[in-house]
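As you go down the protein sequences, you meet chains A and B in turn.
The working numbering applies: residue 1 is where the first sequence begins, and numbers increase by one.
The working numbering applies: residue 1 is where the second sequence begins, and numbers increase by one.
Here a beta-carbon is modelled for each residue, glycine too, at the ideal position from N, C-alpha and C.
Here's the structure we're looking at; comments come further down.
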Amino acid sequence: MSERAPEPVTAAANPPLQPLASNLLPSDVIRVSATSDVPAPERELTPVAKLIDVSKCIGCKACQSACIEWNDTHPDLEENVGVYENPHDLTPDMFTLMRFTEYENPVTNEFEWLIRKDGCMHCADPGCLKACPAPGAIVQYSNGIVDFISDNCIGCGYCVAGCPFNIPRISKTAHVSKKCTLCSDRVAVGQGPACAKACPTKAISFGTKEDMVTLANERVEDLKSRGYDHAGLYDPQGVGGTHVMYVLHHADQPSLYSGLPDDPRISPVVRGWKGPAKTVGLAVAGLAAAGAVLHGIFARPNEVTAHEEGEAEELVTHRNHAPQGDREA
Amino acid sequence: MTNAWTDIKNTDLVIVMGGNAAEAHPCGFKWVTEAKHHRGARLIVVDPRFNRTASVADVYAPIRPGSDIAFLMGAIRYCIENDKVQWDYVKNYTNATYLVNPEFGWADGLFNGYDEEKRDYDRTAWEYQLNEDGTVKTDPTLTDPRCVWNLLKEHVAAYTPEFVENICGTPRDRYLKICEMIGATSARDKVMTSLYALGWTQHSKGAQNIRGMAMLQLILGNVGLPGGGVNALRGHSNIQGLTDIGLLSNSLPGYMNLATEKETDYATYMSTRGNKPLVPGQTSYWQNTPKFMVSFLKAMWGSAATKENDWGFDWLPKLDVPYYDILRMFDMMSRGEVNLYFCQGFNPLLSFPNRAKVTEGLSKLKLLVTIDPLQTETAHFWENHGIYNEVDSAKIMTEVLQLPATCFAEDEGATVNSGRWLQWHWPGATPPGDAKHDTWILANIFLRVRELYRKEGGVCPDPILNLAWDYKDPYEPEPAELAQEMNGRALQTLYDPTDPTKVLVEAGKLLPNFGVMRDDGSTMAGCWIYAGSWTEDGNMMARRDNSDPGEIGTYLNWTFAWPANRRILYNRASCDLEGKPWDPARKLIEWNGERWAGFDVPDIAVTAKPETVMPFIMTPEGTARLFARKLMRDGPFPIHMEPFESPVENPFNAKLRGNPVARIFPHDLEQLGTSGDFPFVATSYRLTEHFHFWTKHSRVNAVLQPEFFVEISEELAAERGITKGGRVRVWSARGEVWAKAVVTKRIRPLICNGKPVHVVGIPLHWGFMGAARKGFGPNSLTPFVGDANIDTPEFKAFLVNIEPAAEEGASA
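Here is the structure:
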């Protein structure tokens with residue numbers, strides 16, 4: 001190990017031959033689930049973002065393939081059920097998914113095949129982290145990455161309820177919640193996410209959020225020249241903006257794209273929940289197993305009020321009844 | 001490709017027709033998204049299905065499978081009618097002004113000279129009018145009714161927008177919008193590129209589809225220019241290399257041909273290959289054929305090839321038929337005429353048409369040898385896999401030997417991409433188990449066979465015994481040795497013909513280029529077009545310098561492109577007659593008053609004066625051919641012909657079925673279906689999730705597209721009671737398959753002559769081996785007939801029927 005890895009600026013750059021020390025440190029964490037007193041970070045990382053340009057995406061699934069390979073997951077071999085989506089949904093072993101929508105544009109009378117890479121949006125104001133009762137199971141770094149720390153996860157599913165994008169999936173065998181990490185392990189050594197690197201048409205770009213917004217504006221201008229008057233950037237402010245953003249031809253109707261929320265917000269139940277102070281007793285088991293570097297700073301006494309517990313249960317019950325509620329196109 | 005992948009970034013308009021670049025060539029397609037992003041290029045997709053390429057297109061138009069010629073001739077008609085012609089280009093760089101024999105003509109969908117019995121044309125009259133000195137008669141004013149331009153105009157007159165709409169099923173407004181976009185690139189500063197693949201080749205008139213686009217591009221002045229060209233996207237990563245080194249049964253390396261049995265000696269063979277210029281002063285580069293041929297024969301037989309024995313010409317096999325293509329071989333096999341079949345890196349059981357016939361052929365072999373890194377269906381053709389391979393194993397006597405080979409990631413060598421770049425690669429992994437490189441396998445077989453000939457003699461042992469085999473380790477020639485052999489060496493010191501004191505190449509040294517090759521036995525080269533790829537300066541194919549001084553995407557120091565490291569073929573045509581670029585903003589090369597120079601290797605002698613030497617240096621005319629003379633079996637102009645199986649009659653002649661000169665064996669003719677029994681048009685294609693029949697062996701790819709399906713419109717689903725995700729049976733006159741149904745808005749019924757034509761889309765990636773679910777391929781259904789010129793099977797347009805089926809396991 002020699003010098004500290006640089007901040008990642010591009011998905012295309014190859015790593016140097018010599019090993020680099022991680023540049024994503026425990027001290028770069030700014031928020032921790034069920035933890036109030038996170039130490040102030042010593043430095044501020046440049047916010048990063050993944051930009052997904054749906055107008056360049058051909059739905060090839062190279063991103064899914066790269067995601068499986070990099071994360072060494074093992075999705076089930078499913079069937080064909082009459083659509084191009086495979087697996088059919090996000091799973092604890094499939095963190096990203098191409099979703100295909102057949103759309104007849106009533107304005108132009110043109111048929112459009114809208115293809116969107118679905119996955120964690122890495123919200124600036126992450127509902128999953130807010131909902132999570134397990135200390136240290138979900139963390140947010142100052143560069144914007146929201147990461148799940150499986151060793152601290154208790155598999156309760158509150159994060160699923162807290163997510164306005166319906167992203168996390170609970171493993172029935174490992175009893176932990178899984179989702180896209182924005183390849184935090186790659187970003188830590190100066191690399192962009194595996195999906196961005198694998199994308200053959202540069203539909204997925206990765207860099208500083210500022211650069212990605214600039215790139216997006218360039219793309220929006222091009223799309224407008226092609227008659228997409230409502231082309232725009234999807235960086236929803238209801239969740240404080242996101243570190244995964246989309247360029248959409250129809251930014252005025254995000255829900256056309258397989259139910260991308262038009263105006264995602266954290267559920268009022270989670271928002272009203274007296275967040276950071278809560279901790280959950282049943283997380284003890286999970287914590288006992290924690291051996292990660294992060295353990296030290298995230299391990300806290302576990303306390304939760306009966307009221308908070310009740311609210312959380314209500315939330316989960318509510319969500320279970322209508323899990324796709326905000327995703328109907 | 002006339003151009004290169006990287007060159008697509010220079011274009012103003014991309015037309016993807018006869019291919020599905022995003023789906024089948026996703027990595028190369030990045031240059032299309034690049035052109036769109038940074039140049040504002042527009043993308044047109046014409047395809048029976050709204051495919052993945054269409055999903056990012058500016059304009060999409062549907063077309064009935066097998067009707068591309070009508071579309072293209074209609075586009076040419078549009079350009080002529082609306083004066084969307086690059087006149088300076090057409091008049092100077094094509095044969096538009098040449099006069100054609102008065103006997104040439106056409107009527108009722110046929111050209112003159114048709115012999116129904118022979119299924120062939122007498123092509124004698126399909127030629128130019130010549131002057132007494134053998135040069136071509138021309139009319140630069142384009143007024144003579146017999147000039148190519150006026151004949152072309154007359155030929156395309158039938159292809160009106162109404163005609164195109166009726167035949168192709170393409171809505172007229174959409175078709176005209178596309179014609180307008182295409183026509184706009186006739187401007188000197190606008191360029192269109194054409195990307196096509198097997199969607200054009202896999203038809204009984206595949207070569208004519210491609211000619212149609214080549215002619216259109218010539219009329220627009222788009223060939224030879226950055227951002228232009230006619231670009232074949234090759235379906236395998238090294239299929240370009242396969243044709244380059246002459247692996248087709250009638251080819252020799254570097255696009256020379258094998259002799260026929262009538263060409264019994266070298267002089268006779270060469271007598272028809274003089275390639276004397278038809279227009280004075282033209283390059284006619286094939287005049288050099290003797291140099292390439294003798295160098296090739298010296299590479300084959302070394303010192304045993306001498307002037308006295310015609311350089312070993314007699315040892316080359318001679319063809320008794322036009323070629324032994326795969327259809328002919330498997331037809332012979334099915335009749336029990338083939339004993340032993342070596343199947344190297346190929347999976348015929350899923351790749352060749354009419355699978356029942358393929359199985360029958362393989363079952364009649366005595367010995368099948370497969371050389372492959374994977375467990376192919378072909379190697380297991382004798383195993384019963386229920387409905388997925390319903391054979392009676394006990395009745396199959398064929399012995400199968402499987403020789404495990406290495407895959408591309410386990411070996412070293414050059415892979416030739418669509419843009420003719422020879423890109424050297426190094427092994428990334430150690431071969432598993434007993435797997436051996438193909439070179440090791442073939443060398444060991446050869447040495448054992450040679451030993452048998454030495455000991456026991458045999459019929460005609462000379463080609464085997466005399467074969468040059470001077471590798472360091474004869475049992476495993478190294479990739480570098482083979483590459484250098486293809487590049488070629490000087491066998492004696494070569495002197496400059498104009499200055500005998502000047503040494504060009506020392507004896508024993510690698511050749512710097514094919515320009516120094518000789519026909520006197522003093523040079524050897526296995527594949528003349530590869531000369532320059534491995535020189536005394538080293539392995540040019542291993543270069544990885546991506547600098548691009550002209551910012552025009554030529555990357556001359558990145559690997560090596562044949563010929564001569566040239567990135568855009570016919571690039572002299574990127575300049576006007578005086579040698580200035582048509583579009584100064586897209587300069588590739590130009591005449592600087594003394595020589596041609598710029599950012600590409602000029603495709604013309606560097607001192608060839610503009611206005612005298614024309615750009616198309618490979619033709620004896622020096623120009624490109626709008627009229628193909630007698631060089632195509634099915635006509636000098638593309639004419640609309642229906643597929644062999646079609647729901648639509650040939651509008652010119654209802655009696656014609658398919659391509660009237662395509663070869664079809666009697667039994668296969670009987671196995672053609674009609675639209676009465678098989679009302680729907682099927683077409684085959686690839687998906688991005690898979691690569692042919694390889695990736696179904698990979699778990700990850702299998703997860704992403706796990707199961708065989710067919711795609712149909714909502715209208716056809718409703719008509720047949722088929723539900724989304726339901727199981728269906730699809731059958732043709734030759735076989736049946738079961739699949740899941742993808743019911744989609746991306747396929748719509750096409751209205752042809754007022755009647756709906758339904759399309760059934762059949763992807764090709766499944767079989768009964770590997771990690772994915774067991775399934776079928778389209779080849780269980782497709783007809784055993786190919787293109788009239790090269791016999792590529794007609795996989796892209798055939799007739800089927802479809803119905804809902806019980807779930808697997810349930811009684812059907």
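Let's see if you can read the secondary structure: which residues bound the alpha helix (DSSP H) around residue i?
i         : result
Thr101(A) : Note, Thr101(A): premise wrong, no alpha helix (DSSP H); beta strand (DSSP E) at 97-104.
Phe616(B) : Looking at the DSSP string, Phe616(B) is not in any alpha helix (DSSP H), and its letter there is neither H nor E.
Cys79(B)  : 68-81
Ser363(B) : 355-363
Val449(B) : 438-456
Ile219(B) : 206-219
Lys298(B) : 289-301
Lys91(B)  : 87-93
Contact defined as beta carbons within less than 8 Å: I believe residue i pairs with residue j. What is the distance between those atoms, to the nearest angstrom?
i         : j         : result
Leu577(B) : Pro610(B) : 6 Å
Gly510(B) : Arg489(B) : Looking at the sequence itself, residue 510(B) is Leu, so the reference to Gly does not match. Contact flag correct, Cβ pair sits at about 6 Å.
Phe616(B) : Phe708(B) : With 8 Å as the limit, Phe616(B) and Phe708(B) do not qualify as a contact, their Cβ atoms being about 45 Å apart.
Val85(B)  : Ile219(B) : 5 Å
Arg90(A)  : Ile167(A) : Reading off the sequence shown, one finds Leu at residue 90(A), where the question assumed Arg. Contact flag correct, Cβ pair sits at about 6 Å.
Cys752(B) : Val648(B) : 5 Å
Pro783(B) : Phe768(B) : Their Cβ separation, rounded to whole angstroms, is 23 Å, which puts Pro783(B) and Phe768(B) out of contact at 8 Å.
Phe644(B) : Gly658(B) : 3 Å
Cys330(A) : Ile138(A) : Here chain A has residues from 1 to 329 only, and residue 330(A) is not among them.
Terminal residues of the continuous beta strand (DSSP E) containing residue i?
i         : result
Thr415(B) : 413-416
Pro804(B) : 798-804
Ile552(B) : Per DSSP, Ile552(B) belongs to no beta strand (DSSP E) and is neither H nor E.
Ala232(B) : 230-232
Trp311(B) : It is not in any beta strand (DSSP E) - Trp311(B) carries neither H nor E in the DSSP assignment.
Ile844(B) : Shown here, chain B extends from 1 to 812; a query on residue 844(B) therefore has no answer.
Met17(B)  : 13-17
Identify which residue in the options has its Cα closest to the Cα of residue i.
i         : options                                    : result
His236(B) : His25(B), Asp58(B), Gln86(B)               : His25(B)
Ser351(B) : Ser249(B), Phe104(B), Gln202(B)            : Gln202(B)
Asn389(B) : Leu422(B), Arg355(B), Lys364(B)            : Arg355(B)
Leu252(B) : Phe292(B), Leu233(B), Ser271(B)            : Phe292(B)
Trp31(B)  : Asp12(B), Trp311(B), Gly18(B), Pro48(B)    : Asp12(B)
Pro581(B) : Arg328(B), Val191(B), Arg335(B), Lys724(B) : Val191(B)
Ser204(B) : Asn789(B), Asn250(B), Arg119(B), Tyr495(B) : Asn789(B)
Arg39(B)  : Asp222(A), Ser184(A), Lys56(A), Val213(A)  : Asp222(A)
Gly336(B) : Lys318(B), Leu365(B), Leu349(B)            : Leu365(B)
Ala483(B) : Leu491(B), Tyr471(B), Leu494(B)            : Tyr471(B)
Ala124(A) : Thr73(A), Val176(A), His243(A)             : His243(A)
Fully enclosed by the region 139-226 of chain A, which beta strand (DSSP E) runs are 3 residues long or longer? 146-148, 204-208
Restricting to runs no shorter than 4 residues, where is the alpha helix (DSSP H) found entirely within the region 147-183 of chain B? 148-156, 161-168, 172-183
Taking any Cβ of chain D, which residues in the region 740-766 of chain B have a Cβ under 8 Å from it, in chain order? This model lacks chain D altogether; the protein chains it does include are A and B.
By the 8 Å beta-carbon criterion, what residues does the region 45-78 of chain B contribute toward chain A? Phe50, Arg52, Thr53, Ala54, Ser55, Val56, Asp58, Tyr60
Counting only runs that start and end within the region 702-765 of chain B, where is the beta strand (DSSP E) found for 3 or more residues in a row? 709-713, 727-731, 736-744, 750-752, 755-757, 759-763
Which runs of the beta strand (DSSP E), 3 residues or longer, sit entirely within the region 231-271 of chain A? 232-234, 244-248
Using Cβ-Cβ distances below 7 Å, what residues of the region 150-179 of chain A are close to chain B? none
Cβ-based contacts, 9 Å cut-off: residues of the region 658-689 of chain B near chain A: Leu687, Thr688, Glu689
Unbroken beta strand (DSSP E) runs of length 3 or more, entirely within the region 324-397 of chain B: which are they? 340-344, 367-372
Between the region 175-192 of chain B and chain A, which residues of the former have a C-beta closer than 7 Å to a C-beta of the latter? none
Threshold first: 4 residues or longer. Then list the alpha helix (DSSP H) segments lying entirely within the region 646-696 of chain B, N to C. 666-670
For the region 701-734 of chain B, list every residue whose C-beta sits within 9 Å of some C-beta in chain A, in sequence order. Asn701, Ala702, Val703, Leu704, Gln705, Pro706, Glu707, Phe708, Phe709, Thr723, Lys724, Gly725, Gly726
Using a Cβ-Cβ cut-off of less than 9 Å, list which residues of the region 59-83 of chain A approach chain B; keep chain order. Gly59, Cys60, Lys61, Ala62, Gln64, Ser65, Ile68, Glu69, His74, Pro75, Asp76, Leu77, Glu78, Glu79, Asn80, Val81, Gly82, Val83
With 9 Å as the limit, tell me which residues of the region 218-252 of chain A have their beta carbon closer than that to any beta carbon of chain B; keep them in chain order. Glu218, Arg219, Asp222, Ser225, Arg226, Gly227
Give me the subset of the region 39-53 of chain A whose CB atoms are less than 7 Å from a CB atom of chain B, sorted by chain position. none
Residues in the region 101-122 of chain A with C-beta within 9 Å of chain B's C-beta atoms, listed in sequence order? Glu102, Tyr103, Glu104, Glu110, Phe111, Glu112, Trp113, Leu114, Ile115
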